[in-house]
Amino acid sequence: AGVAVYKMGEKGAITITPEGEVRTGIFRTDALKPTGAGDSFMGGFVIGLADGLPVSDAVLQGSAAAAMVVARVGCAPAMPTRLELDDFLGSHSGPSVA
19 AGVAVYKMGE
29 KGAITITPEG
39 EVRTGIFRTD
49 ALKPTGAGDS
59 FMGGFVIGLA
69 DGLPVSDAVL
79 QGSAAAAMVV
89 ARVGCAPAMP
99 TRLELDDFLG
109 SHSGPSVA
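Under my numbering, think of the first position of the sequence shown as 19, with each following residue one higher.
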């Protein structure tokens with residue numbers, strides 16, 4: 019089954035699966051810069067899928083990774099570790115509805 023994710027920056031993302039479409043908001047953060055948001059979203063999303071997460075949880079993981087990266091200085095050094103990502107997801111209630 020295929021999955022498509024349409025990323026819309028501050029407006030969140032739309033995930034399209036054979037079951038339908040789901041719109042996901044973003045985790046609000048004090049963004050320093052937009053650089054790296056898309057790459058980190060995709061990294062978090064793909065790792066989530068590889069780990070066997072449901073698509074909806076993988077999208078949340080991607081959104082969390084993007085929020086963390088835009089709130090940090092730099093790009094590659096701003097990418098979160100798995101532990102940092104798990105901590106972030108555990109301490110945030112979820113993304114704002116876009």
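For every residue, glycine included, the Cβ atom is placed at its ideal position computed from N, Cα and C.
Since the model is a prediction, treat every value here as computed from it, not as a measurement.
Residues of its chain near Met67, where Cβ-Cβ distance is below 6 Å and the 5 sequence neighbours each way are ignored:
It is worth fixing the name first, because residue 67 is Leu in this sequence and not Met. Within the same chain, Leu67 has close Cβ partners Ala76.
Using the rule of at least 16 other Cβ atoms within 10 Å of the residue's Cβ for burial, across every protein chain shown, is Gly92 buried or exposed?
exposed
So, helix, strand or coil for Arg100, using DSSP?
helix
Which term fits Gly108, buried or exposed, when burial requires 16 or more other beta carbons within 10 angstroms of its beta carbon?
exposed
Report the three-state DSSP secondary structure of Ala22 (helix, strand or coil).
strand
What are the boundary residues of the beta strand (DSSP E) that includes Ala31?
31-35
Relative to the C-alpha of Thr99, which residue among Ala82, Pro52, Thr53, His110 is closest?
Ala82
Using only the alpha-carbon positions, how far apart do Ala84 and Gly70 sit?
20 Å
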